[in-house]
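Numbers 329 to 683, taken from my numbering, label the letters of the sequence shown in order.
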Amino acid sequence: MAGLLICPLLFAGCTNSVGPNDTTKDNIKVVTDLTGTDVSMKKEINRIAIVPIPWTSIVYAVDGSDKKIVGIHPSAKKSYEASIFKTLAPDLENVNSSFVDNNFNVNFEEVAKLKPDVVIIWDYQPEVAKKLKELGIPAVSIKYGTLEDIQNGIRLLGKILDKPEQAEALISYHKDSEAYFKQKNASALPNKPKVLYLQNKNLTVAGNKSVNQLMITMTGGENAAKDTKGSWTKVSMEEIMTWDPDIIILSNFDSITPDDIYQDKLEGQNWSNIKAVKTHRVYKAPMGIYRWDAPNVETPLMMKWMGQLIQPDTFNDYILRDDLKQFYSTFYHYNLTDSEINTILNTSINNTPTF
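Dropping the structure here:
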């Protein structure tokens, strides 16, 4: 069913297409997506389905609510179930996550049943946009991979959801953070620890095209896998031994923990002679309302976490826990407890009580 194209007439009675009664200037708006495509949609968006994984949390942050979200990616649902997002947005517990599969293939019959006013898709899915348009469903494309892409996507959502002020406030927070790290100029520090960003047990690492490399560089580290091509690349244990990273960060796209590395629990892998293991500098990345590994609405906080791990003497002029509390209070209108902050920052499994 994943790639099925359904005749538009079949769902004419159940889709939220922009029909004859909706096409007056008073009832529609035109939004330019991140591929430069002009997309016509209802002026008031009440139902939104989201294909890209991180963007469920970003829609929530921009809209200030989960009420309009009717469909999300299964990986986004998995992240939701394991994070504080479940506390902030309990109504997403039963949201549909079957209209798209893990490879981003869209089931058009399932989408139509959701009656979305708009569907958010990736920029590399023009055929999906075309088929949705044939069903009378507007599709808006976003890009992924850079800090600027996140900011542009937030602004786009502000236009779609009619929340431009909230969007611009989030963008300002991101830009101020970016300016702070550029001013620190940590990439010019003489002693930069080698940081390995490990995605999973299969030894997939962040390569030279990943946003993770950019974040490592901006926070005063050197990507141990900087010579690997692409965003995420599978490597060998022998290569990791050669790189001998000073710090290892473990992603939340896998259940791997620091203890798995310290105690050599992973079959066929020997981490015992790696410097980061011998000095106990293996850390599980935090997870807020989404995994901090990927560019997301909380990326500035991820960079602050990385900064104090990688170059604590340089990034000693903020208290991450306070910044985390302030961010959640300002943008989500939620007051974090100390216990919730510990959970977000994985302080227990990371043995980092000072954060």
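Beta carbons: idealized from backbone N, C-alpha and C, even for Gly.
Alpha-carbon spacing of residue i relative to residue j, whole angstroms
i, j, result
"W620", "I577", "11 Å"
"A622", "L475", "10 Å"
"D592", "W599", "6 Å"
"V456", "I449", "8 Å"
"I669", "E462", "46 Å"
"T365", "E372", "20 Å"
"Y508", "D666", "26 Å"
"A497", "E595", "47 Å"
"A467", "L485", "12 Å"
"K357", "S368", "6 Å"
"S564", "T415", "39 Å"
"D445", "E493", "22 Å"
"N663", "S676", "21 Å"
"N678", "K632", "16 Å"
"D574", "G535", "17 Å"
"L362", "K510", "25 Å"
"N349", "K370", "Residue confidence for N349 is low, a pLDDT of 44 falling below 50, so the modelled location carries little weight; the figure read from the coordinates is stated next. Their backbone Cα atoms lie some 11 Å apart in a straight line."
"E438", "M634", "40 Å"
"L629", "I470", "22 Å"
"F413", "N430", "20 Å"
"T384", "F643", "30 Å"
"M615", "K353", "42 Å"
"V379", "K441", "15 Å"
Bridge partner(s) assigned by DSSP for residue i
i, result
"I699", "Here the chain covers residues 329 to 683 and nothing more, so residue 699 does not appear."
"D366", "T360"
"G399", "A377, N424"
"N519", "Bridge partners of N519: none, in fact."
"N551", "V523"
"V533", "L526, T561"
"V605", "Answer is none; V605 lacks a bridge partner."
"V610", "I576"
Counted within 10 angstroms of its Cβ, other Cβ atoms place residue i as buried (16 or more) or exposed
i, result
"M569", "exposed"
"M546", "buried"
"N422", "exposed"
"A613", "buried"
"P640", "exposed"
"S713", "The structure shown does not extend to residue 713, since the chain spans only 329 to 683, so no value can be given for it."
"Q636", "buried"
"H661", "exposed"
"Y388", "buried"
"D555", "exposed"
"S500", "exposed"
"T658", "exposed"
"G392", "exposed"
"P418", "exposed"
"T607", "exposed"
"Y646", "exposed"
"A553", "buried"
"D394", "buried"
Limits of the alpha helix (DSSP H) - the one that residue i falls within
i, result
"W633", "627-638"
"G558", "Here G558 belongs to no alpha helix (DSSP H), and DSSP marks it neither H nor E."
"S667", "666-673"
"K441", "436-442"
"D504", "492-512"
"V387", "383-391"
"I412", "No alpha helix (DSSP H) holds I412; DSSP gives it neither H nor E."
"V539", "539-546"
Where the beta strand (DSSP E) containing residue i begins and where it ends
i, result
"M615", "Premise fails: M615 is in no beta strand (DSSP E) and is neither H nor E."
"D587", "First-last for D587: 586-590, but that is the alpha helix (DSSP H), not the beta strand (DSSP E)."
"T360", "356-360"
"Y662", "Taken as a continuous stretch (DSSP letters only), Y662 belongs to no beta strand (DSSP E), as it is neither H nor E."
"K522", "522-526"
"I577", "575-578"
Among the options, nearest to residue i - alpha-carbon criterion
i, options, result
"R649", "T671, Y660, P402, V390", "T671"
"F432", "I381, L673, F655", "I381"
"I584", "T532, G481, T607", "T532"
"T627", "L420, K606, A514, L542", "L542"
"F581", "W560, K458, I575", "W560"
"D587", "A604, S385, W571", "A604"
"I397", "N644, D361, K353, K443", "K443"
"L526", "I465, Y611, G473", "Y611"
"E550", "L629, S403, E566, P521", "P521"
"G558", "I482, G473, I478, F436", "G473"
"H401", "N424, K395, I386", "N424"
"G481", "N624, F427, I602, A404", "N624"
"L420", "F427, K405, L652, A410", "K405"
"S519", "D651, I638, Y656", "As written in the sequence, residue 519 is Asn, which differs from the Ser given in the question. When each option's Cα is compared against that of N519, the closest is I638."
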